[in-house]
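Below: one structure, written as structure tokens.
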Amino acid sequence: MEPLAVNSTLIDAVYFSQEDGRLRVCLSNGEERQFEGVAESEVIAMVTSQSPGKYYIENVRGRFKRIAA
């Protein structure tokens, strides 16, 4: 997984695998969430958003299948 830079108070780090569409989101509270089937364009939209945390909550968290971390 490739690390992506993100400027967010909710999200500490984002990792994305182009090969299988897996996304790992490391939250500032120490929790990690992993999702599958995520398009690269969706990940780019999230990390470049004015509020990546809000974008994550509104467009990623409930939309993509969560898998075990």
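Residue numbers for the sequence shown follow the working numbering, so the first one is 292 and each next one is one higher.
Cβ atoms here follow ideal geometry from the backbone N, Cα and C, with glycine treated the same way.
Under DSSP, A330 forms no beta bridge with any residue. Here S319 is exposed. Its C-beta has fewer than 16 other C-beta atoms within 10 Å. Beta-bridge pairing by DSSP links K356 to E327. In the DSSP annotation of this structure, the continuous segment of the beta strand (DSSP E) that includes Y306 starts and ends at 302-308.
Rounded to the nearest whole angstrom, the CA to CA distance from P294 to G353 is 22 Å. DSSP places V297 in the coil class of the three-state scheme, outside both helix and strand. Going by C-alpha positions, S342 is about 25 Å away from A359.
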